[in-house]
Amino acid sequence: MFTHFFVNVPYDLLVKKYLPLFAKQLLNPEIYFPPEILDKWPEEEFRALAREIEQFNLKTTFHAPFFDLSLGSIEPKVRKATQERLEQTLDLVDFFHPLSIVVHLSYDPRVYDNRLEEWLENAVQTLEKLILIAERKKVYLNLENVFETQPDIFLMFLKRLSSNYVGICFDIGHIYAFTHTTLKDWEVIFPFIKQLHLHDNHGHKDEHLGLGRGNIDFLSLFSLLKKYKLYPVLTLEPHTEEAFWHSLDYLDKLPNETKNFLKTCPRLT
Numbered sequence: 001m002f003t004h005f006f007v008n009v010p011y012d013l014l015v016k017k018y019l020p021l022f023a024k025q026l027l028n029p030e031i032y033f034p035p036e037i038l039d040k041w042p043e044e045e046f047r048a049l050a051r052e053i054e055q056f057n058l059k060t061t062f063h064a065p066f067f068d069l070s071l072g073s074i075e076p077k078v079r080k081a082t083q084e085r086l087e088q089t090l091d092l093v094d095f096f097h098p099l100s101i102v103v104h105l106s107y108d109p110r111v112y113d114n115r116l117e118e119w120l121e122n123a124v125q126t127l128e129k130l131i132l133i134a135e136r137k138k139v140y141l142n143l144e145n146v147f148e149t150q151p152d153i154f155l156m157f158l159k160r161l162s163s164n165y166v167g168i169c170f171d172i173g174h175i176y177a178f179t180h181t182t183l184k185d186w187e188v189i190f191p192f193i194k195q196l197h198l199h200d201n202h203g204h205k206d207e208h209l210g211l212g213r214g215n216i217d218f219l220s221l222f223s224l225l226k227k228y229k230l231y232p233v234l235t236l237e238p239h240t241e242e243a244f245w246h247s248l249d250y251l252d253k254l255p256n257e258t259k260n261f262l263k264t265c266p267r268l269t
């Protein structure tokens, strides 16, 4: 069984199709809330789903909206929209009690490289308002890498914050799809990792394949977790049912030592 794993799933697909599968496999959902769900879905339906998940003894994490949003955008209206979407997501914490919320850092060096300090100041101001809510609700805000080409931006950002409720959601698939870096280059952020997004690719685009179906060395990643004594939230991010089953098959065939270590996750502090 993979009861210590989470699987990313859009809210509407979880409600309409996949909750029975999650319950049968004893897998925990990482619920993605797109804007149209946050704006139009009745509150009572959120409450009903939360009750069902609890009845199945499953845990949850959240994935916040991210399209066209940026914590540090130079455009004030984009920052305002970003804050409002994250506040809407935080409002749902009282129903589902997730362990964490994944938030895209959304720093794109192609756009902001010449205005890095301004972007960082804006991002800190945006997130600090949300950290107060997260601390009160005891939920982690884990910043995910997507188009960030180097780990330094995460270090610079985290040094400006003082909350234990902010960490990193490390997406190994994105560093192979969107950067020219290696896992070793990103080792500097490992002390801050509280969550992993796990999916595979061949190094040229964000394919979101099942584990073992691309070129990524997940055993090296898991070895680094042991090296740094990290016990993050482990989240599979398949984009198809086929990729989901491929990932479970890969995990089932891992060496027993690795499987036993992963079973100790998550332990967030």
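Residue numbers 1 to 269, in UniProt numbering, belong to the letters of the sequence shown in order. C-beta atoms are modelled at their ideal positions from N, C-alpha and C, and glycine is treated no differently.
**Between the CA atoms of Leu49 and Val15 - distance to the nearest angstrom** = For the purposes of this step, residue 15 is taken as the residue at position 15 of the sequence shown. For the purposes of this step, residue 49 is taken as the residue at position 49 of the sequence shown. Within the model, the alpha-carbon separation for Val15 versus Leu49 is close to 7 Å.
**Asked** Lys259 to His208, Cα distance in whole Å?
**Response** To locate residue 259, count along the sequence shown from 1; it is residue 259. To locate residue 208, count along the sequence shown from 1; it is residue 208. Straight-line Cα distance between these residues: approximately 22 Å.
**Request:** Can you grab the Cα-Cα spacing for the pair Pro29 / Gly173, in whole Å?
**Result:** As a working note, residue 29 is residue 29 in the sequence shown. As a working note, residue 173 is residue 173 in the sequence shown. Computed Cα separation, rounded: 19 Å.
**Prompt:** Taking the Cβ atom as the reference point for each residue, do Lys226 and Phe261 lie within a distance shorter than 7 Å?
**Reply:** As a first step, residue 226 is located in the sequence shown; it is residue number 226 there, counting from the start. As a first step, residue 261 is located in the sequence shown; it is residue number 261 there, counting from the start. The answer is yes: Cβ separation under 7 Å.
**Prompt:** Below 8 Å, can you find three or more Cβ-Cβ pairs linking the segment 34-54 to the segment 244-254?
**Reply:** No, they do not touch.
**Item:** Same chain only: Cβ atoms within 7 Å of Val93, ignoring 5 sequence neighbours per side
**Value:** As a working mapping, residue 93 is identified with position 93 in the sequence shown. The residues are Lys137, Val139.
**Message:** Please report the distance separating the alpha-carbon of residue 270 from that of Pro65.
**Reply:** This structure cannot speak to residue 270, because the chain is shown only from 1 to 269.
**Prompt:** With DSSP run on the structure shown, which of helix, strand or coil describes Val233?
**Reply:** Within the sequence shown, the letter at position 233 stands for residue 233. In the three-state reduction of the DSSP assignment, Val233 falls in the strand class.
**Item:** Beta-carbon separation (whole angstroms), Ala177 vs Asn215, contact threshold 8 Å
**Value:** On the sequence shown, residue 177 is found 177 positions in, with the first residue counted as 1. On the sequence shown, residue 215 is found 215 positions in, with the first residue counted as 1. With a Cβ gap of about 11 Å, Ala177 and Asn215 do not count as contacting.
**C-alpha distance - residue 291 paired with Ile131, whole-angstrom precision** = Beyond the ends of the chain as shown, which are 1 and 269, falls residue 291; an answer cannot be given.
**Request:** Could you work out which residue in Glu75, Lys129, Pro34 is closest to Pro10 when comparing CA atoms only?
**Result:** For the purposes of this step, residue 10 is taken as residue 10 along the sequence shown, with counting starting at 1. When Glu75, Lys129, Pro34 are compared, the shortest CA-CA separation from Pro10 is found for Pro34.
**Request:** Report yes or no: do the segment 95-107 and the segment 139-153 share at least 3 C-beta pairs separated by less than 8 Å?
**Result:** Touching, per the Cβ criterion.
**Asked** In whole angstroms, what separates the C-alpha of Glu242 from that of Leu211?
**Response** Numbered from 1 along the sequence shown, position 242 holds the residue referred to as residue 242. Numbered from 1 along the sequence shown, position 211 holds the residue referred to as residue 211. Each residue's alpha carbon lies about 11 Å from the other.
**Request:** Leaving out five residues on either side along the sequence, give the residues of the same chain with a beta carbon under 6 Å from the beta carbon of Phe56.
**Result:** On the sequence shown, position 56 is the one that residue 56 refers to. For Phe56, where only same-chain residues beyond five positions count, the Cβ hits under 6 Å are Ala23.
**Prompt:** Cα separation between Leu71 and Met156?
**Reply:** The residue given as residue 71 occupies position 71 in the sequence shown. The residue given as residue 156 occupies position 156 in the sequence shown. Going from the Cα of Leu71 to the Cα of Met156 covers about 14 Å.
**Message:** Helix, strand or coil for Glu75? Go by DSSP, reduced to three states.
**Reply:** Along the sequence shown, read from residue 1 onward, the residue named residue 75 stands at position 75. DSSP places Glu75 in coil when its eight states are reduced to three.
**Prompt:** If you draw a straight line from the alpha carbon of Thr82 to that of Phe2, how long is it in whole angstroms?
**Reply:** Here residue 82 refers to the residue found at position 82 of the sequence shown. Here residue 2 refers to the residue found at position 2 of the sequence shown. Spanning the two alpha carbons is a distance of roughly 34 Å.
**Request:** Please look up how many angstroms separate the CB atoms of Phe6 and Leu234, rounded, as I've assumed it's under 8 Å.
**Result:** Working through the sequence shown from its first residue, we reach residue 6 at position 6. Working through the sequence shown from its first residue, we reach residue 234 at position 234. Between Phe6 and Leu234, the beta carbon gap of about 7 Å places them in contact (Cβ cut-off 8 Å).
**Item:** Start-to-end residues for the alpha helix (DSSP H) that takes in Leu155
**Value:** The count along the sequence shown starts at 1 and reaches residue 155 at position 155. 152-158 is the span of the alpha helix (DSSP H), which, as asked, contains Leu155.
**Asked** Helix, strand or coil: how does DSSP classify Thr258 here?
**Response** Position 258 of the sequence shown, counting from 1, holds the residue named residue 258. In the three-state reduction of the DSSP assignment, Thr258 falls in the helix class.
**Asked** Buried or exposed: Pro266, going by 16 or more other Cβ atoms within 10 Å of its Cβ?
**Response** In the sequence shown, the residue the question calls residue 266 occupies position 266. Buried, by the Cβ-count rule.
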